[in-house]
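Asker: For reference, the structure I am asking about is given below.
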Amino acid sequence: MGQMLNVSQIPPKGTGTLDFSFTADGKKMLYTEFQSNRKTALIIRNLENKSDRIVLQSAYERDEIFKPFIHPNGDEVVFLKNMANDSTYVFDIFTLDVAKGTVKNLIQTPDISERMPNWSDDGNYLIWSSNRNKSSFDLFKLNRTTQVEEQISFFEDRQELNAHLSNSILVFDSGFYGMNEEGNTYIYKAGTEEKTPEQLTKISY
9 MGQMLNVSQI PPKGTGTLDF SFTADGKKML YTEFQSNRKT ALIIRNLENK
59 SDRIVLQSAY ERDEIFKPFI HPNGDEVVFL KNMANDSTYV FDIFTLDVAK
109 GTVKNLIQTP DISERMPNWS DDGNYLIWSS NRNKSSFDLF KLNRTTQVEE
159 QISFFEDRQE LNAHLSNSIL VFDSGFYGMN EEGNTYIYKA GTEEKTPEQL
209 TKISY
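Counted from 1, the sequence shown has number 135 at position 127 by this note's numbering; the numbering is strictly sequential.
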């Protein structure tokens, strides 16, 4: 039988850990801790010695951090923060220099929302989704060295949110979600310069 856990206290409602990612060598894991005071903390765990280090924490209540992703070499973290002053969500993209502890508002787009930032496998590009046409989300990439930005998906009537870039091959999901269409979502593959992606999946029933 497995060892019984001694639960001495039930954590407050609203707490939890999620949104994990790993460095390329598999030695470090980044995750988010949501705290009961509506604050969040970014924590890096050393998987070799099981030690945790808080690398960023909310400065005040509701100063929440969303969807962090650690760079493959472990030196930088990208994440979202809500910039709206009301109950809506308008996200900007921020980066954290892990060694220095400095934070930069990397993608500033007032009234436009960014989603799902992550790094390419080689760490050369930042990938994210943005609703710059105000009706759907498209994918963009930023060259980490040159800071040149370009759009890499072109479904004007749909929404692309989750993406992965490896060896110049872009894989992403796309669909109508809550829009007044069929409501289905599929996975596509394309080169980063191609505007006609290949549909990889279909509904099997």
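Here a beta-carbon is modelled for each residue, glycine too, at the ideal position from N, C-alpha and C.
As the structure is a computational prediction, the values presented were derived from the model and not from experiment.
Would you check if the distance between the CB atom of K1 and the CB atom of L178 is smaller than 9 Å?
Answerer: Any question about residue 1 goes unanswered here, given that the chain covers just 9 to 213.
Asker: From I8 to E168, what does the alpha carbon distance come to, in whole angstroms?
Answerer: The question about residue 8 has no answer here: the residues shown for the chain are numbered 9 through 213.
Asker: Suppose you measure from the CA of G199 to the CA of S44; what does that come to, to the nearest Å?
Answerer: So the two alpha carbons sit approximately 43 Å from each other.
Asker: Let me make sure I understand the geometry here. Which of A32, R53, F145, R140 has the alpha-carbon closest to that of E41?
Answerer: Nearest C-alpha to E41: R53.
Asker: Kindly list the residues whose CB is nearer than 7 Å to the CB of T23, restricted to its own chain and excluding five residues on each side of it in sequence; keep chain order.
Answerer: Contacts found: F42, Q43, S44.
Asker: Could you compute how far the alpha carbon of N81 sits from the alpha carbon of P205?
Answerer: For N81 and P205, the distance between alpha carbons rounds to 30 Å.
Asker: Does the beta-carbon of S174 have 16 or more other beta-carbons within 10 angstroms, so that it is buried, or is it exposed?
Answerer: So S174 counts as exposed.
Asker: Would DSSP call A32 helix, strand or coil?
Answerer: Reduced to three states, the DSSP call for A32 is coil.
Asker: Ordered along the chain, which non-local residues of its own chain (more than five positions away) have a Cβ less than 6 Å from that of V111?
Answerer: Once the five neighbours on either side are set aside, the close Cβ partners of V111 are F102, L104.
Asker: Give the single residue among W136, T48, I135 whose Cα lies nearest to the Cα of E69.
Answerer: When each option's Cα is compared against that of E69, the closest is T48.
Asker: When the Cα atoms are used, what is the spatial distance from K149 to A67?
Answerer: So the two alpha carbons sit approximately 29 Å from each other.
Asker: W136 and I78: beta carbons closer than 9 Å?
Answerer: Their beta carbons are not under 9 Å apart, which means W136 does not touch I78 by this criterion.
Asker: Classify P76: buried if its beta carbon has 16 or more other beta carbons within 10 angstroms, exposed otherwise.
Answerer: It is buried - the Cβ of P76 has at least 16 other Cβ atoms within 10 Å.
Asker: Rounded C-beta distance between D146 and Q159? I'm assuming under 8 Å.
Answerer: Yes, they are in contact, since the Cβ atoms of D146 and Q159 sit about 6 Å apart, within 8 Å.
Asker: Given a threshold of 16 other Cβ atoms within 10 Å of its Cβ, counted over all protein chains shown, does K35 qualify as buried or as exposed?
Answerer: Classification of K35: exposed, given that the 10 Å Cβ count is below 16.
Asker: Given a threshold of 16 other Cβ atoms within 10 Å of its Cβ, counted over all protein chains shown, does P125 qualify as buried or as exposed?
Answerer: P125 should be labelled buried.
Asker: Using DSSP with H/G/I as helix, E/B as strand and the rest coil, what is D83?
Answerer: Of the three classes helix, strand and coil, the one that applies to D83 here is coil, per DSSP.
Asker: Secondary structure at I211, three-state DSSP: helix, strand or coil?
Answerer: I211: coil per DSSP, three-state reduction.
Asker: With DSSP as the reference, label E122 as helix, strand or coil.
Answerer: In this structure, E122 counts as strand in the three-state DSSP scheme.
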